[in-house]
Amino acid sequence: MSNTTSELTLSPAYRQSQRALSAWIEQTGAGARRHAFTARSSLSGLAAFERGRLARWIAWLCIAGESRGEPSLIGRLRRLDGALYTSVYEALDRLPGAVTGIAGRVRLSA
Numbered sequence: 000m001s002n003t004t005s006e007l008t009l010s011p012a013y014r015q016s017q018r019a020l021s022a023w024i025e026q027t028g029a030g031a032r033r034h035a036f037t038a039r040s041s042l043s044g045l046a047a048f049e050r051g052r053l054a055r056w057i058a059w060l061c062i063a064g065e066s067r068g069e070p071s072l073i074g075r076l077r078r079l080d081g082a083l084y085t086s087v088y089e090a091l092d093r094l095p096g097a098v099t100g101i102a103g104r105v106r107l108s109a
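With numbering that gives the first Met the number 0, letter number 107 in the sequence shown gets 106, and the count goes up by one each step, no holes.
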């Protein structure tokens with residue numbers, strides 16, 4: 000049986016960055032500081048298109064967190080990596096139903 004949809008292939012560097020960022024996102028306080036270095040260093044091995052893909056993934060996480068009333072991830076991201084923050088902020092503008100507000104706060108449009 001043939002499949003007409005293309006399979007998403009993720010590079011080892013992308014998977015490592017996604018795992019490192021997931022660990023950093025899940026932790027708060029002192030735990031987050033321990034994971035920040037690993038997450039930040041994992042970004043250096045990504046190609047430009049992978050950074051864009053990662054930014055879109057994080058943008059969706061920002062929207063999901065905001066809809067559950069969780070603290071904004073975008074502010075933490077600014078302190079982690081400025082370039083990734085900028086990419087995520089731009090990706091938020093392109094997501095359906097999402098608008099960026101003052102000071103990087105994300106809210107769902109009505």
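All residues carry an ideal CB built from backbone N, CA and C; glycine is no exception. Note that this is a predicted model, so its numbers are computed, not measured.
Query, Result
"With 16 other Cβ atoms within 10 Å as the buried cut-off, status of Ala35", "buried"
"From Arg77, Ala22, Ser16, Leu72, residue whose alpha carbon lies closest to that of Glu49", "Ser16"
"Coil, strand or helix - Ala27 by DSSP", "Sequence inspection shows Thr at residue 27; the Ala mentioned does not correspond to that position. Thr27: coil per DSSP, three-state reduction."
"Which of helix, strand or coil DSSP assigns to Ala19", "helix"
"Of the residues Ser41, Tyr88, Thr8, the one placed nearest Leu119, counting alpha carbons only", "Residue 119 cannot be examined here, being either before or after the span of the chain that is shown, 0 to 109."
"Helix, strand or coil at Gly103 according to DSSP, with G and I counted as helix", "Here the model assigns Gly103 a pLDDT of 47, short of 50, so the residue's position is not dependable and the matter cannot be decided."
"Boundaries of the alpha helix (DSSP H) in which Asp92 is found, first to last residue", "81 to 93"
"N-terminal and C-terminal residue of the alpha helix (DSSP H) that Gly51 is part of", "47 to 66"
"Proximal residues to Ala82 (C-beta, below 6 Å), its chain only, five neighbours per side dropped", "none"
"Sub-7 Å separation of Ala54 and Ala22 beta-carbons", "no"
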